[in-house]
Structure formats: structure tokens, C-alpha cells
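Engineer: Top to bottom, those sequences are chains A and B. To convert, note that position 184 of the first sequence is 272 in our numbering; the numbers rise steadily by one, no gaps. To convert, note that position 33 of the second sequence is 35 in our numbering; the numbers rise steadily by one, no gaps. Quick reminder that beta carbons are idealized off the backbone N, C-alpha and C, glycines included.
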Amino acid sequence: MRFRSFMLAGTGPSQLRFHRAGTGAARPTAWRYASDARHGGEPLLRICGSDDELLLNFPQIADFYVTRDCIRYVPARNADETFIELLFLGPVAALWLELNGIVALHASAVVVGDSAIAFLQHSGGGKSTLAASFLRRRIALLSDDVLAVSVTPKGVQCMPGYPQLRLAPAIARQFIDDIDALPPVHSSAEKKCIPVGGREFGSFCDAPSPISCIYVPQRTSKRRRPPAAHALTPSQALRELVRGSFVANAADALGWQSRRVRNLAKVAEVVPVKQLSYSSGMCYLDAVCDAVLRDLNATR
Amino acid sequence: MLRGTYKLVPNILLQRVADEMVILDPANGQYYGLNDSGARIIMLLSDGQDLASIARQMLEEYDVERAPLERDIQKLIGELTRHGLVTHSA
Numbered sequence: 089m090r091f092r093s094f095m096l097a098g099t100g101p102s103q104l105r106f107h108r109a110g111t112g113a114a115r116p117t118a119w120r121y122a123s124d125a126r127h128g129g130e131p132l133l134r135i136c137g138s139d140d141e142l143l144l145n146f147p148q149i150a151d152f153y154v155t156r157d158c159i160r161y162v163p164a165r166n167a168d169e170t171f172i173e174l175l176f177l178g179p180v181a182a183l184w185l186e187l188n189g190i191v192a193l194h195a196s197a198v199v200v201g202d203s204a205i206a207f208l209q210h211s212g213g214g215k216s217t218l219a220a221s222f223l224r225r226r227i228a229l230l231s232d233d234v235l236a237v238s239v240t241p242k243g244v245q246c247m248p249g250y251p252q253l254r255l256a257p258a259i260a261r262q263f264i265d266d267i268d269a270l271p272p273v274h275s276s277a278e279k280k281c282i283p284v285g286g287r288e289f290g291s292f293c294d295a296p297s298p299i300s301c302i303y304v305p306q307r308t309s310k311r312r313r314p315p316a317a318h319a320l321t322p323s324q325a326l327r328e329l330v331r332g333s334f335v336a337n338a339a340d341a342l343g344w345q346s347r348r349v350r351n352l353a354k355v356a357e358v359v360p361v362k363q364l365s366y367s368s369g370m371c372y373l374d375a376v377c378d379a380v381l382r383d384l385n386a387t388r
Numbered sequence: 003m004l005r006g007t008y009k010l011v012p013n014i015l016l017q018r019v020a021d022e023m024v025i026l027d028p029a030n031g032q033y034y035g036l037n038d039s040g041a042r043i044i045m046l047l048s049d050g051q052d053l054a055s056i057a058r059q060m061l062e063e064y065d066v067e068r069a070p071l072e073r074d075i076q077k078l079i080g081e082l083t084r085h086g087l088v089t090h091s092a
């Protein structure tokens with residue numbers, strides 16, 4: 089398996105090593121966390137171990153052994169490698185970031201001028217589509233799906249993710265001519281992986297960036313509603329950030345909640361967080377991009 | 003005259019953000035915002051003070067009459083109790 093993830097290589101606390109291990113350690117019996125989401129009748133994710141080394145067990149898929157500077161994995165027999173990759177780039181990476189004190193938001197981000205803007209939303213909330221709309225305007229992608237946010241006394245910075253977007257076929261067709269050649273996210277998924285920064289589509293920013301605004305997309309079924317950005321109060325912003333954490337339940341079960349919420353409060357204090365409401369539909373996305381750029385110009 | 007002692011239920015998180023206080027209840031994923039005086043009441047409550055001493059302390063710190071202050075404290079405690087964030091302890 090080959091990975092190209094800047095998020096994991098340049099976050100500061102360490103240079104991450106990721107490799108396949110021959111065998112895993114003995115399986116413990118006391119799980120610190122078991123997800124509500126299920127796969128094959130079992131929790132999709134179970135976690136045990138200490139903060140020195142966590143075992144992330146995805147039954148019938150893989151075990152990931154996670155320390156602050158290394159992730160080893162042991163695939164299950166006949167496991168789908170593309171699914172392992174998906175887990176690695178999603179919840180495993182997010183938990184590794186949180187282990188290192190870096191906030192992992194469920195967000196996509198693009199770089200406008202010299203700073204990033206992020207779209208914070210759960211799966212299916214429109215964040216990747218919005219990011220793709222900005223890429224079409226020659227604005228670079230910083231991250232899709234998992235956004236690493238580093239909170240230090242010097243400020244708040246976003247880390248680059250990996251040069252790829254994941255879009256449903258109907259949406260991908262709006263941006264790419266021939267989507268049939270694109271690989272699916274994993275073998276049984278409909279969503280397509282769209283490489284970013286090559287000949288196909290858009291450009292990718294591989295350097296950390298300060299962040300100027302976090303938008304919370306809010307689509308409405310009402311037609312032709314002019315896009316609008318409304319600033320949230322700091323406490324409303326904190327609520328959205330907590331809700332928009334990528335692995336909130338698991339991180340809370342591991343006892344990282346206080347630290348995580350402190351970091352998110354700092355983000356809410358120094359970064360404007362705005363609700364971005366707009367009509368649902370591809371035909372409105374240009375107007376949404378225009379509204380975001382106007383909003384940024386007005387506040388800079 | 004206010005009576006009784008209330009305490010925050012375990013695992014509730016209090017987080018100050020800018021000028022506001024947010025109560026996070028991880029058990030149900032709910033979040034509650036408090037204004038400045040509400041935040042002060044919660045902080046005194048988390049220090050273990052009973053309602054009477056909270057009222058005394060607030061009368062010293064804020065330019066407010068006793069009767070409306072006690073009504074506000076009682077109203078806030080009622081709301082917090084209704085949401086399962088505090089329990090009556092004595």
C-alpha cells in the first residue's frame with residue numbers, strides 16, 4: 089500500500105512512520121471504546137490500550153497499533169486493502185492527530201489568498217462539493233474530510249491533508265469529464281476518488297496555512313435563496329466545533345475530551361465561525377462561492 | 003431566602019469561550035450557553051457553595067437587588083435540574 093499524506097508527515101510532533109506489521113500483539117479483552125456503527129454484526133471500531141500505544145481494532149478488516157510517532161497495521165485475512173486505506177486516512181489518522189493534541193475536524197478546506205477557509209460538516213453535508221467548486225476557480229485544496237488543526241500559543245494553523253477529493257458520481261461528473269476511469273473510494277463504494285493536483289483536476293496546497301474562517305454549510309430545499317453567511321457567537325461556534333469533531337465519541341471515551349474542548353474553545357475565540365446557508369443544488373454553487381469570497385473580502 | 007446545596011453531575015464539562023460559559027453534557031451531546039452571571043453561579047456551585055452563600059457572594063459582586071437575584075438563581079437551578087445537569091445534594 090502506498091500513501092501520500094502530508095497531514096501525517098508534517099504535523100510537528102513527529103515524523104510519522106506507517107507500516108504493515110507481521111503479527112499483532114495479544115488481543116486484550118477490555119475495550120475502552122466500541123463504536124455504535126457496526127460492520128458484519130460487530131462494532132466497526134473497538135479501542136483498547138494506553139495512550140502510549142492504542143490498538144484500534146476494526147473486526148474482519150485490520151488492527152492498527154498507534155503510538156505518537158508510528159502506526160502499524162495488521163490486515164485481517166482477505167481484507168479489502170482499499171477499505172484499510174480508507175480507515176487509515178479517516179478515523180485512524182484522526183485519532184492519531186488527537187493523540188498528539190491536534191484537533192481533527194470533519195471538514196474540507198481550501199486556500200484563498202494566504203489563508204485557509206474550512207467547511208465544517210458531517211458526511212453528506214456538502215463540504216467536498218463546496219471545496220470542488222472552489223478548485224474549479226483555481227483555488228487550491230488543503231484537505232478533504234479530515235482537517236488537522238493545530239492550536240498553539242502562536243495561533244491556529246491548518247495542516248494539509250492528501251491530494252484527493254471524494255465525491256458521489258453524480259457530483260463528480262459536474263467537475264470531471266470522464267469519471268468512469270476514476271477508482272471508487274473502496275471496492276463496494278459508489279463514491280469516486282478524484283486525484284487533485286495532477287492533470288485531472290485542481291491544485292493542492294502542501295504547506296500548513298493559517299485559517300481565516302470556518303463555515304458551517306446549511307443547505308435548504310427552498311429554491312433561489314441567496315447564499316448568506318451569519319457569524320456565530322463563540323459559544324455557538326464551540327458547539328458546532330464539538331459536533332464537527334471527526335472522532336468525538338472515541339476521543340471522549342479515551343479521556344481526551346477536556347483537552348480537546350479547550351483547544352476547540354481557543355479555535356472558537358480566534359477564528360470566525362459562520363453559518364453558510366444556501367439553496368441545495370449544483371446550479372447554486374457558483375453563487376455560494378461568490379458569497380463566500382465577498383464575505384472574506386468584507387472581513388479582511 | 004434560598005436554601006439547599008446543588009452539585010454538578012459527574013462528567014459535565016465547563017468551558018469558558020470568549021465572554022461566555024458553555025456547559026457540555028457528553029452523555030447526551032447537549033450544549034448550554036450561559037451569560038456572565040449564569041457562569042458565575044455555576045462556578046460558585048462547582049466550588050461547593052450552597053445557594054444562600056451563592057446569593058450572598060453575587061450581591062457583593064453585582065449591582066442587583068436580593069429578590070430578583072434569588073429569583074434568577076432559583077430559575078437557573080430549576081433549568082439546570084430539568085436538563086439533568088445538577089442534582090440536589092442536601
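#1: In whole angstroms, what is the alpha-carbon distance linking A:Ile-168 and A:Ala-277?
#2: Any idea what DSSP makes of B:Ala-39, helix, strand or coil?
#3: My understanding is that A:Ile-299 touches A:Cys-246, with C-beta atoms under 8 Å, so please give their C-beta distance in whole angstroms.
#4: Mind checking B:Leu-87: buried by the 16 CB within 10 Å criterion, or exposed?
#5: I need the straight-line Cα distance from A:Ala-220 to A:Phe-263, nearest angstrom please.
#6: What is the rounded straight-line gap between the Cα of A:Leu-434 and the Cα of B:Leu-78?
#7: Would you mind working out which of A:Val-244, A:Cys-281 and A:Pro-322 sits nearest A:Ala-258, comparing C-alpha positions?
#8: With a 10 Å radius around its C-beta and 16 neighbouring C-beta atoms as the bar for buried, classify A:Val-330 as buried or exposed.
#9: Give the C-beta separation of B:Gly-50 and B:Met-23 to the nearest angstrom, bearing in mind that I take them to be a contact with Cβ-Cβ under 8 Å.
#10: Using the Cα positions of A:Arg-388 and A:Arg-382, report the straight-line distance between them to the nearest angstrom.
#11: How about A:Ser-323: is its C-beta nearer than 7 Å to some C-beta of chain B?
#12: Distance, Cα to Cα, B:Val-2 vs B:Thr-89?
#13: Is the beta carbon of B:Gly-35 closer than 7 Å to that of A:Ser-323?
#14: Would A:Ala-356 be called buried (16 or more neighbouring beta carbons within 10 Å of its own) or exposed?
#15: Taking only three categories from DSSP, how would you classify A:Asp-151?
#16: In chain A, which residues lie with their C-beta within 9 Å of the C-beta of B:Tyr-8?
#17: Would you mind sorting A:Pro-179 into buried or exposed? The rule is 16 or more other CB atoms within 10 Å of its CB.
#18: Helix, strand or coil for B:Ile-25 per DSSP?
#19: On the criterion of 16 or more Cβ atoms from any shown chain inside 10 Å, does B:Ser-48 qualify as buried, or is it exposed?
#20: How about A:Leu-229 and A:Gly-286: do their beta carbons lie closer than 7 Å?
#21: Taking a contact to mean a Cβ-Cβ separation below 7 Å, would you say A:Phe-334 touches A:Ala-236 in this structure?
#22: Does B:Gln-51 come out as helix, strand or coil in the three-state DSSP assignment?
#23: Can you list, in chain order, the residues of its chain whose CB lies under 7 Å from that of A:Asp-232, leaving out five sequence neighbours each side?
#24: Let me know if A:Ala-386 comes out buried or exposed under the rule of 16 or more other beta-carbons within 10 Å of its beta-carbon.
#25: So what does DSSP say about B:Met-3, is it helix, strand or coil?
#26: Considering only the alpha carbon of each residue, which of A:Ile-149, A:Arg-160, A:Leu-175 and A:Ala-379 lies closest to A:Val-273?
Structural biologist: Based on what the coordinates show:
#1: Reading off the sequence, residue 168 of chain A comes out as Asp, not Ile. Computed Cα separation, rounded: 12 Å.
#2: Inspection of the sequence shows that residue 39 of chain B is occupied by Ser rather than by Ala. If DSSP states are grouped into helix, strand and coil, B:Ser-39 belongs with the helices.
#3: 5 Å
#4: buried
#5: 7 Å
#6: Within the shown structure, residues of chain A are numbered from 89 to 388, placing residue 434 of chain A beyond reach of any answer.
#7: A:Cys-281
#8: buried
#9: Not confirmed; about 18 Å, so no contact.
#10: 10 Å
#11: yes
#12: Beyond the ends of chain B as shown, which are 3 and 92, falls residue 2 of chain B; an answer cannot be given.
#13: yes
#14: buried
#15: strand
#16: Those do not exist, as B:Tyr-8 stays about 22 Å from chain A at its closest Cβ, beyond 9 Å.
#17: buried
#18: strand
#19: exposed
#20: no
#21: no
#22: coil
#23: Ser-196, Ser-216, Ala-219, Gly-249, Gln-252, Leu-253 and Arg-254
#24: exposed
#25: coil
#26: A:Leu-175
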